[in-house]
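First comes the structure, then the notes that go with it.
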Amino acid sequence: MRLVVTGNFATDESIATSEAPSSPLCSSCWIAVDAVVITVIILGNVLTILAVRLSRRLRNPQSNRLILSLAVSDLLVGLAVIYHLLFFLDARLACYKYSCIPRFVFPAFCCCASFCNVTAIAFDRYLAIIHPLKYSEYARERLFTVAITIIWACSAFVSTIPIYWNIYDSSNVCELYTVFPRLYMIAILTPLFVTVWLSIFVLYLRIWREARIHARRWKLTGANDLDRDSSQKKSIQVVLPILGCFTIFWLPYVVVALVHVIDVDQQPSPTIYRVMFSMAMLNSAVNPIIYAWKNRAFRKAFKKLMRCRSPDYNQFNSSFQHYLRKQDELVQRDVKNGPERLLKDAVKNHKTAIEHDPMLSTENL
Numbered sequence: 003m004r005l006v007v008t009g010n011f012a013t014d015e016s017i018a019t020s021e022a023p024s025s026p027l028c029s030s031c032w033i034a035v036d037a038v039v040i041t042v043i044i045l046g047n048v049l050t051i052l053a054v055r056l057s058r059r060l061r062n063p064q065s066n067r068l069i070l071s072l073a074v075s076d077l078l079v080g081l082a083v084i085y086h087l088l089f090f091l092d093a094r095l096a097c098y099k100y101s102c103i104p105r106f107v108f109p110a111f112c113c114c115a116s117f118c119n120v121t122a123i124a125f126d127r128y129l130a131i132i133h134p135l136k137y138s139e140y141a142r143e144r145l146f147t148v149a150i151t152i153i154w155a156c157s158a159f160v161s162t163i164p165i166y167w168n169i170y171d172s173s174n175v176c177e178l179y180t181v182f183p184r185l186y187m188i189a190i191l192t193p194l195f196v197t198v199w200l201s202i203f204v205l206y207l208r209i210w211r212e213a214r215i216h217a218r219r220w221k222l223t224g225a226n227d228l229d230r231d232s233s234q235k236k237s238i239q240v241v242l243p244i245l246g247c248f249t250i251f252w253l254p255y256v257v258v259a260l261v262h263v264i265d266v267d268q269q270p271s272p273t274i275y276r277v278m279f280s281m282a283m284l285n286s287a288v289n290p291i292i293y294a295w296k297n298r299a300f301r302k303a304f305k306k307l308m309r310c311r312s313p314d315y316n317q318f319n320s321s322f323q324h325y326l327r328k329q330d331e332l333v334q335r336d337v338k339n340g341p342e343r344l345l346k347d348a349v350k351n352h353k354t355a356i357e358h359d360p361m362l363s364t365e366n367l
């Protein structure tokens, strides 16, 4: 394999060939695709964050704090994609170690947090359905705070390892396989993905079986517990799309990256790699859509936010509050005017009475 020197880089011929600059039209298409992905990720997750923070109905269930944490991690994914995109706009960023390494550490941190939050949401739904009587004991604010803190701390620990343990070389191109050690990819990142996927799959399978058992039991006994049945269906409808989307968007990227890490000589096509990377990042844009589609409270909050209204805004309550405000202004005005106001009202009432009955005039008294 022949060594090719390009500018400040000394790279293998295969790498230089795979990293050959694409046409301006192709680059513009990729930038447009990334811009759309970034926009959808940021808008969707900002709406989710605002909905949970501003809506009393969505803020009260402690489990929605996990959804808020997931939205924050997915929003950071969108910001990580922006930083990743800068390397295609300015190639000089790849020349420096401390601008190249964060290109992969920052997305790894955001994605690890997103993985863990998705798992925590599935586990929360598992407890709510499998152990409904004990769930109220588990669903405490302090417990959710501890769980979210552990999620972010573990994500930071796992993702920042390449800052101290990496194979960066200024003579190589700034890519995942030239920064992250092979052992780190095989022994840490890949098992993390597999563990998350298996955890979600097992939890969902257990929830689905429990829902079938309850459905058969209610059918045999003739019970009609609509509220419980509706709650179980909603829980399944939320977990299943998350599992499906997580698999569809992330599995191809993990397979492509893992194949290359195992066999360095097997260079992936730059086009295939970028398509898989964009698909993986797009998963962070799908989660808010799942919640808006399956959860009526989120859907209503999103609609109000898109109309620049508070999620708690209600037309009836607004009119009633306006009425109370006007009544308070009238009372304050009467108190301010005092006896003078009362005398004027008495004279006005007397004149009105005289018009209807002249015998009430002072001349006849």
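Each residue of the sequence shown is one higher than the one before, counting from 3 in our numbering.
We treat Cβ as the ideally placed atom computed from N, Cα and C, and that holds for glycine.
- In the assembly as shown, leucine 205 is a buried residue. Its beta-carbon has 16 or more other beta-carbons within 10 Å.
- CA-CA distance, arginine 58 to arginine 67, rounds to 13 Å.
- DSSP places tryptophan 167 in the coil class of the three-state scheme, outside both helix and strand.
- In the three-state DSSP reduction, glutamate 212 falls in the helix class (H, G or I).
- Secondary structure remark: continuous beta strand (DSSP E) runs of at least 3 residues inside the stretch 53-85: none found.
- The count of Cβ pairs closer than 8 Å, one atom from the stretch 82-91 and one from the stretch 164-171, stays below three, leaving the stretches out of contact.
- In terms of Cα proximity to arginine 309, the closest of Tyr128, Met187 and Ala53 is Ala53.
- Membership of aspartate 314 in any alpha helix (DSSP H) is not indicated, and neither H nor E is assigned to it by DSSP.
- Counting only runs that start and end inside the stretch 148-207, there is no beta strand (DSSP E) element of at least 3 residues.
- Here the alpha carbons of histidine 216 and leucine 222 stand approximately 10 Å from one another.
- With 16 or more other Cβ atoms from the protein chains shown falling within 10 Å of its own Cβ, cysteine 113 counts as buried.
- The beta carbon of methionine 281 sits closer than 6 Å to those of Phe251, all from its chain and outside the five residues before and after it, given in chain order.
- In this structure, the straight-line span from the alpha carbon of tryptophan 220 to that of serine 65 is close to 27 Å.
- About 20 Å separates the beta carbons of methionine 187 and alanine 96, which is beyond the 8 Å limit, so they are not a contact pair.
- Rounded to the nearest angstrom, the gap between the Cα atoms of valine 175 and isoleucine 33 is 20 Å.
- Counting along the chain, tyrosine 100 sits inside the alpha helix (DSSP H) bounded by residues 99-102.
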